[in-house]
Structure formats: structure tokens, C-alpha cells
Amino acid sequence: FTQLVLIGYGGWRIWPHSVHLNQVMGWVSSTVSMAAAAWFCTQASYARDGHPRIHRLLATVAGVSLLMACLLAINLDFVPRSLRNLWLTLSTLAILGSLVWTSIRGQTWNLLLLLGAGPIGLAALARLSYNVGWVFNVESAQAAGVISAMGGLLWVFLVLAWRSRAALFSNHRGAALSTYDPASGLMLPRMVEARLPPMLLRARKQKTECGVLMVHWLNQAPSHDDASDQKRGAALSRIGEILRAAARDVDTVARHDENHFLMLIEGSISRAALSEIATKILADCIRACEKLDDMGAFSLHIAIWHSTLGTQTAADVMDLLTVRLHHMASGTKRPVQFVDSPLEPGSTAAGDGSRREDLLAKINAIETSHPSLAGE
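Written out as C-alpha cells, the structure reads:
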């Protein structure tokens, strides 16, 4: 509104012989600017709801300033000069005072905005300082007003930018907390419920192949021992990193429950590619076990569903994966199985060492032929 004041009574000076018109527009622009400033402040929710008396005061200032602008546009003699100066002073003090009050009783960023209102308020008084005789050169008053207004507006812009950045960070943080599990860094189960049905629908419409992996973390349960819980939390975070590294940007990786994880693999993808993803996960987990010198820290069973099995709903897919992992928990020679593969008889623990060596040999062979699958 300060810029409107300066443009209003400064622009009319291009007509050097219209002295009276210049005077009229100077007063009209000043009073209209006061009305606009007061009306702008009344639209703030904290003034309307939290401070009703200030809201009524600002509405009165806006109405009287607009009425005075209309009278001065008709005839300057309708309002004496001393009364005009007095009203501009009182209205400016009322607007700035209301901003001070609401800022002190409001949030910190409102108070920072108030600091920028000081130079802007001084710019609004530039014409008044010339009218009362404090400054004898109107051009000097205008120049000082422009510089003061620019400084105040720049400060307000910086405060608003800081506030917007803080609000954006807060929104992103809230969205992350409502989307991701803080322990593993993976998405929450509700994200699977929201994304699995659309993925199956897209695969049917586009006639592409997609897949779902359910990972069971074996022999892990929460305990009341702080040291054990801390160790389990570190392992859980590591598993989250391994699963995210195996997924693509378009895939979804989520923590299904305490010891189960899900990967939604968007199409088009083959059964062999799904098997390679599961193999990479096992390879990274085995390497992590070797670093921790605890071969049972990352024992996994992985069940795989592929869309070539036919048209199935999201509930059917989850049931098939859960049933397959339940059968695998009774003992299996193969830690990775498709849900349509034949069941095998229970296995003993005697062959665990040889199976691990065979699996590592298979993993090394696959990574040699596919360098993109190489682990850390």
C-alpha cells in the first residue's frame, strides 16, 4: 500500500501546472492507502477471531478513511488541513498498534513481520512529514519513503519465505511420519493396502506381469532386554536398507508386521527377474551376517507371487503368500519359493551349512554374470 501512495501522489507531478490536482491526489491517495491497509489487517484470521475489538477498530479506520477520500476528491475544504494530518497520524498509529498487539500475542513469525512494518510505516508518513513542514523538499521525502518501503518489503519477503520453508518442512515431516515406519525406514502396511489393488488392476489392463515378495525374518521377536532391543533395532534398520537397495524407484517396500516385509514389484517383470531380486536380498543378508559374525541374525524366508498365476485379488495374493510362508516355517531346503511351486518335505538342520555354501556359490555365479546385482 506504501507503493500505491508513492505512485499516486508522485505520478500526478508529471503535469507541472496542475498544482491543485497534485494536492488533491496526494491526500486522496494517502487516505485510500490507509483504508486499504486497515481492511487488509481486518482480513487476518487472528484479528477477526482472536481480537474482535481490534477487528472493529480497524474496520472503523477503513470506513472513515474511505469516506474522507471521497470528500477530499470532491473538495479539499470539506476537511480542514489540521484534521487531515491528525487523522492520517491516528490511523497509522492504530494500524501499527494493532499489528504490534496481535504480533506480541501471536506467534514468533508474526513479530518478525512486525519489524518489517516499521520501515513501511515510515514510508507511509513521507507525505505527512512534508505536509507538516518537517521536510521542505517533497522529492526528498518521496525518495526516503521509497527506500524505507523497499527495505521493509524486503524484510517481510524474507520472513514469509522463511515461514513457508518451515511450514513445508513441517508438512513433509508429518507426511513422512504417517507414511514410513521409523524403525526400518520402510513404508507402513496401509501403503500396501492402498497400492496393491491398483497395481494388480494396471497389470490386467496393460497385460503386463508384476510380482509381490513377502519376506519373513526368522527367529526374531521383541524382548524386554534393552541391549537385545537395541541390537534388534540395528538389524531391523539394516534389513530395511537391504530391501530398499533391491527395489526400484517405482516399487513399494513396506513393513507388513513385526517380522514380515512386503515388496510390490511393478511390471513388466519376469519370474526369473523376481528370483534374482530375492537372491540379491539373501546375498546381502548373508554378507551382513558375516560382518556381524552371527549367521542367524538375518535368516530369511521369501515367498514370491507372480501375476502369471491368473486373475487374483489383493486379498488372494496376501493369503497365498502367508500360507506359503507358513509351510516354509515347518522346515525347508529352499529359502526362496514361488507360491505355485510344489511343497517339499520338512528338512533337518544338519544340512544348513552345506545349503548356505551352495546358496553363496549360486549367488556369486549370478552376480558374476549380472554385475548390476553385485552387493556392497
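Numbering (the working numbering), first residue to last: 695 to 1070.
We put the CB at the ideal spot given by N, CA and C, even for glycine.
From a predicted model like this one, the values you see are computed outputs, not experimental measurements.
Nearest-angstrom Cβ-Cβ length linking residue i and residue j, presumed shorter than 8 Å
| i | j | result |
| --- | --- | --- |
| P1029 | L956 | Rounded, the Cβ-Cβ distance is 17 Å, inconsistent with contact. |
| L770 | W721 | 7 Å |
| L958 | V886 | 7 Å |
| L994 | L912 | 7 Å |
| L890 | A753 | L890 to A753, Cβ: 55 Å. No contact. |
| E960 | M893 | 6 Å |
| M881 | A948 | 4 Å |
| E903 | S1001 | 5 Å |
Minimum C-alpha distance to residue i - residue among the options
| i | options | result |
| --- | --- | --- |
| S964 | H995, V906 and E984 | V906 |
| K985 | A929, A855, R942 and G845 | A929 |
| L847 | L808, Y874 and L880 | L808 |
| A966 | F772, R859 and Q1031 | Q1031 |
| N953 | A972, V944, S878 and L777 | S878 |
| R876 | E935, E903 and S823 | Here the sequence assigns Pro to residue 876, which means Arg is not the residue at that position. That would be E935, whose Cα lies nearest to the Cα of P876. |
| A972 | M908, A763 and H950 | M908 |
| R898 | S962, R859 and R932 | S962 |
Beta-bridge pairing of residue i - partner residues as DSSP gives them
| i | result |
| --- | --- |
| L956 | M908 and A948 |
| L847 | Its beta-bridge partners do not exist; DSSP assigns none. |
| Q1031 | A997 |
| M762 | DSSP output for M762 lists no bridge partner at all. |
| M881 | Y874 and A948 |
Span separating the alpha-carbon of residue i from that of residue j
| i | j | result |
| --- | --- | --- |
| S724 | A730 | 10 Å |
| A811 | A732 | 13 Å |
| D1013 | Q900 | 24 Å |
| I980 | H910 | 15 Å |
| R1018 | A997 | 6 Å |
| D978 | F863 | 34 Å |
| L805 | I814 | 15 Å |
| G990 | G927 | 15 Å |
| V726 | S759 | 6 Å |
| Q737 | M728 | 15 Å |
| I841 | R750 | 32 Å |
| A941 | L968 | 11 Å |
| C983 | T873 | 29 Å |
| K925 | K1027 | 28 Å |
| T1005 | D923 | 42 Å |
| L1037 | W999 | 15 Å |
| R884 | T946 | 12 Å |
| L761 | V718 | 15 Å |
| L782 | W849 | 24 Å |
| R896 | D943 | 17 Å |
| G827 | A843 | 21 Å |
| L766 | L777 | 12 Å |
| D951 | H1020 | 15 Å |
| A763 | L819 | 17 Å |
| T1016 | A861 | 42 Å |
| C735 | L793 | 8 Å |
| A1044 | V1033 | Note that A1044 has pLDDT 43, beneath the 50 cutoff, so the model's placement of it is unreliable and no number is given. |
| F992 | L871 | 26 Å |
| I748 | L780 | 20 Å |
| G839 | A869 | 44 Å |
| W856 | W795 | 22 Å |
| M1022 | N865 | 42 Å |
| S858 | R932 | 35 Å |
| D987 | K974 | 20 Å |
| H637 | V1011 | Residue 637 lies beyond the range of the chain shown here (695 to 1070); nothing can be said about it. |
Given 8 Å, three or more beta-carbon pairs between the segment 832 to 842 and the segment 775 to 793: no
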